[in-house]
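Chemist: My questions all concern the structure below.
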Amino acid sequence: MTGPENSPYAGGYFRFVIKFPPEYPFKPPDFFFKTPICHPNVHSGTGVAWHDQLHYTWEPSITLSQIFTAMHSLLAQPNYKVPLSDKNLPDKSPEKARLWTQQYA
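In case it helps, the working numbering puts the sequence shown at residues 7 to 111.
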């Protein structure tokens, strides 16, 4: 996945894995970034991404294409109000995200 223009992730290429549970499509898949990424909605240890559409508003009719679109929009508009973990939130600033993108992606 390429980073969205006009975001700290612009110019980056991010590898990911999607894991589908046996109950899919009735339970959502998990989306993991494999490329190191500095993002408030991505767990820094596991790479798991948290998006409302995958966790709160999941419906069996959501397509793989919609999942990709949701994840791309998460890169374009990180949700700083509901971080995955606020423990290191100051370290997940746009400036640091840009630096990580240049370094890893």
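For glycine and all other residues, C-beta sits at the position ideal for the given N, C-alpha and C.
#1: Along the alpha helix (DSSP H) that carries isoleucine 73, what are the first and last residues, could you check?
#2: Is the distance from the Cβ of lysine 40 to the Cβ of phenylalanine 22 below 7 Å?
#3: So for tyrosine 62, helix, strand or coil by DSSP?
#4: In or out: phenylalanine 37 buried (at least 16 other Cβ within 10 Å) or exposed?
#5: Output the boundary residues of the beta strand (DSSP E) element that contains lysine 40.
#6: Based on DSSP bridge pairs, tell me the residues matched to phenylalanine 22.
#7: Give the DSSP bridge partners of alanine 55, in chain order.
Modeler: The short version:
#1: 70-82
#2: yes
#3: coil
#4: buried
#5: No beta strand (DSSP E) holds lysine 40; DSSP gives it neither H nor E.
#6: Phe39
#7: Val48
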